[in-house]
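Input: a single structure, listed below in C-alpha cells.
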Amino acid sequence: MAARFGFEVLSENGGARRGRLTLAHGVVETPAFMPVGTQGAVKGVTLAQVEALGAEIILGNTYHLHLRPSDALIARAGGLHAFMGWSRPILTDSGGFQVFSLAGRRTVSEERVVFQSHLDGSECWLSPESAADVQARLGSDIAMVFDECVKWPVTRDEAAAAMQRTLRWATRGRARFEALSSGTATDVTPSNPGQAQFGIIQGATFKDLRDESVAGTVSIGFEAYAIGGLSVGEPTDVLYDLTGHTAAQLPPAAPRYLMGVGMPDDLVNCVARGIDMFDCVLPTRNARNGQLFTRRGPISIKNAQFAEDSRPADPDCSCPTCRAHSRAYLRHLYMAGEMSAAALNTVHNLHFYLDTMRGIRKAIEFGRFDDFKQGFLDAYTRPQRD
Ligand SMILES: [Zn+2]
C-alpha cells in the first residue's frame, strides 16, 4: 500500500524551511538535493553507491526513458523502481525541457510537440496527456506536468505565450493525471498508485508573468509546485531575485522545487529564499570533466599543480574518495583516462552536494542557518562564469 503524499514544515529559520516529504517509496528530508539519473542511471556510479552516499530521492528523465528502452518496456518490468533496482523515491521530469533543448527538428502545436528522436531521427511526440501516461507507466513518486520551456534571453511576448500555453497544458496534464490515478482512464495502468504530480511555474524573467503563472497553476491545484525556466543563462542575481519573488507566492504548505539549480552556493542562497528541493547535473557532469567541488570552491584535478599533491580532493571531506586517495592519484587516473576517475570524482561531488544539504538541514534545525550561510559563502570561491 503506497503512502499518501505529505509534506510537513518542521522548522523555519528566516526564509529557510526544514521539512519532511512523504512519498510512496519513502521519506525525503528537506531541503533536499536530487542526483540526476537521466537514463535510469546516475552517470559514473552504481545505484548502491548513490544509496550509500545518502541520496533519498533521484531524478529520472521522461524524454530519455520514453525513447529508450521505452516506458512500455519499463512498465512490463514492474515500473522504474523494479527495473533499476532502486527502492527509494524517484522524481521524473515531464520531458518538456529535453524536447525543447535536445530533440532535433520539432513542431509545437497546441495539441502536442512533434520532434525527431536524438537517437535515430525517428518522429516522436509528447503532449500533456502522453507525458502523464509515460510517467504513470514509469511509476515515479513525483511526476512533473508537461510545460513549454523557452530559452534565455526571450522577449516578453514569447515568454507570455509560452507561460499561457504551459497553463493550458497544465489543465490538460492534471486532468489526465487525475483520470489515471482515480482509475477512470483504463487504457494505461499506473505502475505506482501513490504517484503525485507537481505543477511548473514559468514566465522567464518577467515578474508579472511569474505572478500570473503562480495564480493559474495554483488554481488548477497540484500536490506541489516547481519553479522552471531559470538557471538557463540569466545572471545569478536575476536567478536569486526571481526565485525569492516566486517562492514567496507559492502555498507554504507544499514543497517548492527549483528545477535545474545549481552551483553549491546557489543551493545555500536559494534555501534562504524558501526552496525545499533541487536537482542539477553539475556534480555528476563536472566530475566526469575533472572538476571537484570543495568547501573553498571547485578545483580542476587535471591541473599540473596537483601532480604531486598528496592531500585529498577536499581536506575537510569524509567521502570514500577523500578517505582513500590523493589529488595526485585522482589526477593520474583522469590523465590516463581510467574509468575509475569518473566514479571516484562523482562519489566525491555527490557527497559534497548531499553533505552540504545535511549541513543546511542541521543549521535550520538549530536556528543558525544565517551563520551557516555566511560561513559557507565566506569560504566558497565561485569560479568566473563563462
Ligand atoms: Zn570527498
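In our numbering, the protein residues as written are 40 to 425.
Beta carbons are placed, not taken as given, at the ideal position from N, Cα and C, and that holds for glycine.
- Contact between T101 and A198 does not hold, since the beta-carbon distance rounds to 23 Å and is not under 8 Å.
- Counting along the chain, no beta strand (DSSP E) covers C361; the unbroken alpha helix (DSSP H) around it starts and ends at 359-363.
- Counting along the chain, S148 sits inside no beta strand (DSSP E), nor does DSSP assign it H or E at all.
- Residue burial is scored here from C-beta neighbours: P70 has at least 16 other C-beta atoms within 10 angstroms and is therefore classed as buried.
- If you check the C-beta of D348 against ligand 1, you find no heavy atom less than 7 Å away.
- Distances from the CB of H284 to the heavy atoms of ligand 1 are all 7 Å or more.
- Distance from the C-beta of A326 to the nearest heavy atom of ligand 1 is not below 7 Å.
- Beta-bridge partners assigned by DSSP to V48: G58.
- Across the structure, A243 and L416 are spaced so that their CA atoms are roughly 27 Å apart.
- At the C-beta level, G65 and E90 stay beyond 8 Å of one another.
- Sixteen is the threshold: since fewer than 16 other Cβ atoms of the shown chains lie within 10 Å of the Cβ of L49, the residue is exposed.
- Spanning the alpha carbons of V147 and E162 requires a straight line of approximately 13 Å.
- Taking 7 Å as the cut-off, one finds no heavy atom of ligand 1 near enough to the beta carbon of A94.
- In the three-state scheme derived from DSSP, where H, G and I count as helix and E and B as strand, Y279 is classed as helix.
- Residue state for V67 is assigned as strand, using DSSP reduced to three classes.
- For C309, the enclosing alpha helix (DSSP H) starts and ends at 303-310.
- D180 and R151 have their alpha carbons spaced roughly 24 Å apart.
- According to the DSSP secondary-structure assignment, C188 is paired through a beta bridge with no residue.
- A distance criterion of 7 Å places the beta-carbon of C358 in contact range of ligand 1, judged by its closest non-hydrogen atom.
- Annotation for F391: no beta strand (DSSP E) segment contains it, though the alpha helix (DSSP H) segment containing it runs 378-404.
- Distance from the CA atom of F261 to the CA atom of A352, rounded to whole angstroms, is 42 Å.
- With a contact defined as Cβ atoms closer than 8 Å, G178 and L119 qualify at about 6 Å.
- In terms of CA proximity to L269, K246 leads the group G83, K246, P290.
- Fewer than three beta-carbon pairs drawn from the region 369-377 and the region 78-89 are found closer than 8 Å, and the two stretches are therefore not classed as touching.
- In this structure, the C-beta of H364 stays at least 7 Å away from each heavy atom of ligand 1.
- Shown here, R107 sits in coil according to DSSP, grouped into three states, outside any helix or strand.
- In this structure, ligand 1 has a non-hydrogen atom nearer than 7 Å to the beta-carbon of A352.
- When the beta-carbon positions are compared, L389 and T333 stay at least 8 Å from each other.
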